[in-house]
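*Asks:* The structure under discussion is supplied below as structure tokens; questions concerning it will follow.
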Amino acid sequence: MEACRGGTISSLSLESLVKLQAETDSYSVELCETIRDQMSAVLALAVVLVVVVVVVVIVEVCVVVVVVVLVVVLVVVVVVEVVVLVVVVVIVVVVVVAAVVVVVAAVVVVVAVLNSNSFS
């Protein structure tokens, strides 16, 4: 910037203008390199973000699959419990009916024995 001391552009020499142009070109090259580096960093960050999003989506799909499997297992367990409950109720009913039959048979036997004793 020494060339600007004269106060006007006309006082700049050709050598100063060439020097100023070289500095400007140097700054332009540095600016382009900085922009390129920043664009590379942004691109790398974008790739990382895409990978993270893909991993998150895969994890979410796995979680959904696990939840669906757990729901199916729960439904199967509930169905098995209902079947076991029905079997237990049937067994209880059979036992009660058998007990009633035994009691009725005992009453019939007792009545028959009492009747046979009363005729003798």
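Numbering (the numbering used here), first residue to last: 38 to 157.
Even for Gly, the Cβ is constructed at its ideal location relative to N, Cα and C.
Just so it is clear, the structure is predicted and the values come from calculations on it, not from any experiment.
#1: Nearest-angstrom Cα distance between glutamate 39 and cysteine 69?
#2: So, with DSSP's three-state summary, where would you put glutamate 39?
#3: Which parts of the segment 68-151 are runs of the beta strand (DSSP E), unbroken and 3 residues or longer, counting only runs that do not cross its ends?
#4: Mapping DSSP to helix, strand and coil, what is serine 196?
#5: In whole angstroms, give me the CA-to-CA distance for leucine 54 and valine 66.
*Replies:* Answer, in terms of the structure:
#1: As a working note, residue 39 is residue 2 in the sequence shown. As a working note, residue 69 is residue 32 in the sequence shown. Unreliable positioning characterises glutamate 39 in this predicted model, as indicated by a pLDDT of 49, which lies under 50. The coordinate reading is nonetheless provided below. Pairing glutamate 39 with cysteine 69, the inter-Cα distance amounts to about 25 Å.
#2: For the purposes of this step, residue 39 is taken as the residue at position 2 of the sequence shown. Note that glutamate 39 has pLDDT 49, beneath the 50 cutoff, so the model's placement of it is unreliable and the number below is only indicative. Glutamate 39 falls in the helix class under three-state DSSP.
#3: Whole beta strand (DSSP E) segments, 3+ residues: zero.
#4: No information on residue 196 is available, as it lies outside the stretch 38 to 157 that the chain covers here.
#5: Position 17 of the sequence shown, counted from the first residue, corresponds to residue 54. Position 29 of the sequence shown, counted from the first residue, corresponds to residue 66. Taking the straight line from one Cα to the other gives about 18 Å.
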